[in-house]
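Asker:
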Amino acid sequence: MDGENNLSVIKLKNILLVTVPDDPGDDIIQELQTKVLHAIEKYQSKGLILDISSVNILDSFFARTISETTQMVALMGGQTVIAGMQPSVAITATELGLHLGKAISTLDVDRALDIFTDNFKLV
Amino acid sequence: MAIEETGENPIKNEGDIVTCRKLIRNVATTAGFGMTDVTRIVTAVSELARNVYVHAGSDGVMRWQLLYQPGKIGIQLVFEDYGKGIPDIDQAIEAGFTTAGTMGMGLSGVKRLMDEMHIQSELGIGTTITVAKWGRAK
Amino acid sequence: MNHSHSKYLSNFKNWAEQKRFLDFTEKDVEFLKKLHPFAIEYADSFVDQLYEHLLQFPDTKRFLSDEKTLNRLKLAQKAYFMDLTSGEYGEEYYQSRIKVGIAHQRIGLPPRVYMSTYCYYMQLIIPKIYGNPMFDVETANGVFLALHKIINLDQELAISSYIHAIDEVISRQTEEILEMSTPVIQIWDGVVAAPIIGMLDSGRTQQFMERLLEAIVETNSPVALIDITGVPQIDTATAQHLIDTINAVKLLGSQVIITGVRPVIAQTLVHLGIDLSGIITRPTMASGLKVALDKLNIKVMDNPRA
Ligand SMILES: Nc1ncnc2c1ncn2[C@@H]1O[C@H](COP(=O)(O)OP(=O)(O)OP(=O)(O)O)[C@@H](O)[C@H]1O
Ligand SMILES: [Mg+2]
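Residue numbers (my numbering), protein chains in the order written: chain D, 1 to 123; chain X, 1001 to 1138; chain Z, 2001 to 2306.
1) Would you mind listing the alpha helix (DSSP H) stretches within the region 2004–2064 of chain Z that are 4+ residues and don't spill past its ends, in chain order?
2) Quick check: S45 (chain D) and D108 (chain D), are their CB atoms within less than 8 angstroms of each other?
3) Under a Cβ-count criterion, where at least 16 other Cβ atoms within 10 Å of its own Cβ denotes burial, should E1047 (chain X) be classed as buried or exposed?
4) Does the distance between the C-beta of R1112 (chain X) and the nearest non-hydrogen atom of ligand 2 fall short of 7 angstroms?
5) How big is the Cα-Cα spacing for R1025 (chain X) and V2029 (chain Z)?
6) Let me check understanding here. Comparing Cα to Cα, which of D:H99, D:L100 and D:I104 lies closest to Q79 (chain D)?
7) Can you tell me the Cα-Cα spacing of L2124 (chain Z) and F2046 (chain Z), whole angstroms?
8) Within 8 angstroms (strictly less), CB to CB, does E68 (chain D) reach chain X?
9) Provide the residue span of the alpha helix (DSSP H) that contains G2101 (chain Z), from first to last.
10) What ranges does the beta strand (DSSP E) occupy inside the region 2248–2306 of chain Z, keeping only unbroken runs of at least 3 residues that lie completely in it?
11) For S2096 (chain Z), verify whether its CB is less than 7 angstroms away from any heavy atom of ligand 1.
12) For S1058 (chain X), which residues of its own chain have a beta-carbon under 6 angstroms away from its beta-carbon, when the five flanking residues on both sides are left out?
13) Does the beta carbon of R1021 (chain X) come closer than 8 angstroms to any beta carbon on chain D?
14) What's the gap between the Cα of M1001 (chain X) and the Cα of L1066 (chain X)?
15) Which same chain residues end up closer than 8 angstroms to D26 (chain D) when comparing Cβ atoms and leaving out the 5 residues on each side of it in sequence?
16) From G2175 (chain Z) to G77 (chain D), what distance separates their C-alpha atoms?
17) Mark N2002 (chain Z) as exposed unless 16 or more other C-beta atoms lie within 10 angstroms of its C-beta, in which case mark it buried.
18) Mind checking which residues open and close the beta strand (DSSP E) that includes H1118 (chain X)?
19) Using beta carbons (cut-off 8 angstroms, strictly below), is M1001 (chain X) in contact with chain Z?
20) List, in order along the chain, the chain D residues whose C-beta lies closer than 7 angstroms to that of N2071 (chain Z)?
21) Taking the C-alpha atoms as reference points, what is the distance between L100 (chain D) and A63 (chain D)?
22) For D2235 (chain Z), which three-state DSSP category applies?
23) Identify the continuous alpha helix (DSSP H) that holds K2128 (chain Z) and give its terminal residues.
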């Protein structure tokens, strides 16, 4: 349905930024993982920010993929940050019993970028 | 605007999971469910439609219906497949039980997200899962 | 959330049961139909007399303010009067009765007026039943009783929908009070606070969670203080609700600090085996705020001139 060009991985210095569409299908989520890992390899990025502020559904498949991707990114030396989850999505995910593994959450992309600045000493 | 009261959508391929979600988001929002309830309902749809696609080994269908009671609005969703069936329903709804090596959070989670859940399954014949959610009418 | 039917408002199935209870049978339907030609004949005169009567009392007059309303109501009354003897008492009839009750409640017509209007009606109709040369005494009795039954059915529906409407108001107000009893307020740039007063049940937690999370996102606050000084007791369910809330807040990218943990609550939590070890807790809101400001790298200094 939605073509590959729907999902772009943006490089910002040593960080990658991906904006996830509002209702991503399994294929897009899978594509996200592959694209991110290739970009990390190519740019030697230290961090990944997933901007999910438009996302209005997070089910077990999406949660699992985020958690796995976080692990894979970690193996390649990067930290994953989930930015901007909507309240209704957070409540539903909690009730569903989902967890995002080692991914860190922030309120928005700005705060995610803060995490990668010096005073947080994560990079 | 008049709201259609019932409808259905096939579950045959992966793309149908998204189609079902979009359809029900529309129906539940128009019916007057609040934002968080819409998210709960759509997430349940995603889990149950994916279960049909992943586990049943057959095509399936999602049927929806709006329910009205004084002061309340409800939605009922039926997921029906003609696949292999669930051998032990009690076990299947336990959090963490899976035959697919995934998290096994789908059915137990749906039970928490929705107000009512009923599973009927026969080996080799198929599975029918019915869920419902109630909200305050606007 | 409460899924049960309103305990006052019947559904159509219950109404059939109510008919059986009153012994409202086909025979009654036949008797009512016998009255129908007279209903047609006298409807206009009855309705005129009724409204003339209603206009004499300030209590009822105020609902009949203008000519337009008056004419509309007269037409509705006339239609009702015909319906009453039409012989059709199915779902459509039932629905229209419920609507009337709700409409009366909405304009604030007291049930007293509604009830006494029926009584006045009867005063107009009874002479037409018993003084009717077409009816022998037995028929007149049958017609009278059938009319009495259908009016009783109508009244029951209307009064129930009155009570149902009031019930709705009460439950809406209860919800508003709940909302007021757990305010979520921004107390510093980047810090929201939510004092919880009373017990947290699952309905209340859901609602509280929604408002807390929305406030966090709206104010872009990385720290949320939940003060439980006003929570009298804590049980496993309440604790689980708190933990759910804390986890949801964490998914947003904010952090909860629980404040106001009184000795009795601390004791209960430990005895219940509830693990809050990953969560920052403080005895008072003030000490919780200190932790919050620390996390935000905000330094509050004593005024040196003080
Ligand atoms: N429609 C179905 N037909 C056959 N078996 C099913 C069906 N739905 C669920 N099951 C069985 O029930 C088990 C539990 O389902 P559940 O959705 O809870 O977990 P899962 O699908 O295995 O994992 P997750 O949903 O977390 O990705 C499945 O592993 C599968 O064996
Ligand atoms: Mg599943």
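Backbone N, C-alpha and C define an ideal beta-carbon position, used for all residues, glycine too.
Values in this document were obtained by computation on a predicted structure and should not be read as measured data.
Answerer: Based on what the coordinates show:
1) Restricting attention to alpha helix (DSSP H) runs no shorter than 4 residues, the region 2004–2064 of chain Z encloses them at 2012–2021, 2026–2055 and 2058–2061, ordered along the chain.
2) Mapped onto the first sequence, residue 45 (chain D) falls at position 45. Mapped onto the first sequence, residue 108 (chain D) falls at position 108. No, the Cβ-Cβ distance between S45 (chain D) and D108 (chain D) is not below 8 angstroms.
3) Counting from one through the second sequence, the residue named residue 1047 (chain X) turns up at place 47. Per the 10 Å Cβ criterion, buried.
4) Locating residue 1112 (chain X) in the second sequence gives position 112, counting from the first residue. Checking every heavy atom of ligand 2 against the Cβ of R1112 (chain X), none is found closer than 7 angstroms.
5) Against the second sequence, residue 1025 (chain X) aligns to sequence position 25. Against the third sequence, residue 2029 (chain Z) aligns to sequence position 29. Near 48 angstroms, if we compare the C-alpha coordinates of V2029 (chain Z) and R1025 (chain X).
6) Taking the first residue of the first sequence as 1, we reach residue 79 (chain D) at position 79. Among D:H99, D:L100 and D:I104, the Cα nearest to that of Q79 (chain D) belongs to D:I104.
7) By one-based count along the third sequence, residue 2124 (chain Z) stands at place 124. By one-based count along the third sequence, residue 2046 (chain Z) stands at place 46. Spanning the two alpha carbons is a distance of roughly 7 angstroms.
8) Along the first sequence, one-based indexing puts residue 68 (chain D) at 68. False, the Cβ-Cβ gap to chain X never drops below 8 angstroms.
9) Along the third sequence, one-based indexing puts residue 2101 (chain Z) at 101. Counting along the chain, the alpha helix (DSSP H) containing G2101 (chain Z) begins and ends at E2091 to I2107.
10) 2255–2259 and 2280–2282
11) Here residue 2096 (chain Z) refers to the residue found at position 96 when the third sequence is read from its first residue. Not so, every heavy atom of ligand 1 lies at least 7 angstroms from the Cβ.
12) On the second sequence, position 58 is the one that residue 1058 (chain X) refers to. Cβ within range, chain order: D1081, Y1082 and G1083.
13) Within the second sequence, the letter at position 21 stands for residue 1021 (chain X). It does: the Cβ of R1021 (chain X) has a partner Cβ on chain D nearer than 8 angstroms.
14) Position 1 of the second sequence holds residue 1001 (chain X). Position 66 of the second sequence holds residue 1066 (chain X). Residue placement at M1001 (chain X) cannot be trusted, given a pLDDT of 39 that sits under 50; what the coordinates show is reported in the next sentence. The straight-line gap from Cα to Cα measures roughly 15 angstroms.
15) Numbered from 1 along the first sequence, position 26 holds the residue referred to as residue 26 (chain D). Once the five neighbours on either side are set aside, the close Cβ partners of D26 (chain D) are F61.
16) Residue mapping note: residue 2175 (chain Z) aligns to position 175 of the third sequence, counting from 1. Residue mapping note: residue 77 (chain D) aligns to position 77 of the first sequence, counting from 1. The question names Gly, but residue 2175 (chain Z) in the sequence shown is Glu. In a straight line, the C-alpha of E2175 (chain Z) is about 50 angstroms away from that of G77 (chain D).
17) What you label residue 2002 (chain Z) is simply residue 2 of the third sequence in a count that begins at 1. Note on N2002 (chain Z): pLDDT 33, under 50, position unreliable in the model; no value is reported.
18) By 1-based counting over the second sequence, the position of residue 1118 (chain X) is 118. It spans E1116 to E1122 - the beta strand (DSSP E) in which H1118 (chain X) sits, taken as one unbroken run.
19) One-based indexing of the second sequence puts residue 1001 (chain X) at position 1. Any reading at M1001 (chain X) must be qualified, since the residue scores a pLDDT of 39, below 50, and its modelled position is unreliable; no value is offered.
20) As a position in the third sequence, residue 2071 (chain Z) is number 71, starting the count at 1. Under the 7 angstroms cutoff, chain D gives no residues; its nearest Cβ is about 50 angstroms from N2071 (chain Z).
21) For the purposes of this step, residue 100 (chain D) is taken as the residue at position 100 of the first sequence. For the purposes of this step, residue 63 (chain D) is taken as the residue at position 63 of the first sequence. Going by the C-alpha atoms only, they are around 6 angstroms apart.
22) If you number the third sequence from 1, residue 2235 (chain Z) lands on position 235. D2235 (chain Z) falls in the coil class under three-state DSSP.
23) For the purposes of this step, residue 2128 (chain Z) is taken as residue 128 along the third sequence, with counting starting at 1. Start and end: P2111 to Y2130.
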